[in-house]
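Student: Once you've had a glance at the structure underneath, I'll fire off some questions.
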Amino acid sequence: MALSASPTVERVRDHLCAKGLFGDVAELCEMRGDCVFVVTCPECGHAFTLDEDDYDELLHWSRTSGQSCGIAQA
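Mapping to the working numbering: the sequence shown position 14 is 4, numbers consecutive.
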């Protein structure tokens, strides 16, 4: 049985794919090494904050789903 996506990944994916877009990604890190990823919709500016696990899951889905939406690796 396949695991379903995290709720955060589903929200980002649903938002971007409803518009057929790839989100803009920024990685923000504190000095102690804690990082988050911010995915921003290029159409409306809505921003989603993801931890590293959610980012990796969304990136994997974007690469393998065959959809024209999600995020692209820089």
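Where is the CB? At the ideal position from N, CA and C, for every residue including glycine.
For residue 46, report the span of its alpha helix (DSSP H) as first-last.
Tutor: 42 to 54
Student: Specify whether the region -6 to 7 and the region 16 to 26 touch according to this definition: at least 3 beta carbon pairs, one from each stretch, less than 8 Å apart.
Tutor: no
Student: Name the two residues that bound the continuous alpha helix (DSSP H) containing residue 6.
Tutor: -3 to 9
Student: Out of 24, 22, 40 and 30, which has the shortest C-alpha to C-alpha gap to residue -3?
Tutor: 40
Student: Rounded to the nearest angstrom, how far is the Cβ of residue 60 from that of residue 48, given a contact under 8 Å?
Tutor: 6 Å
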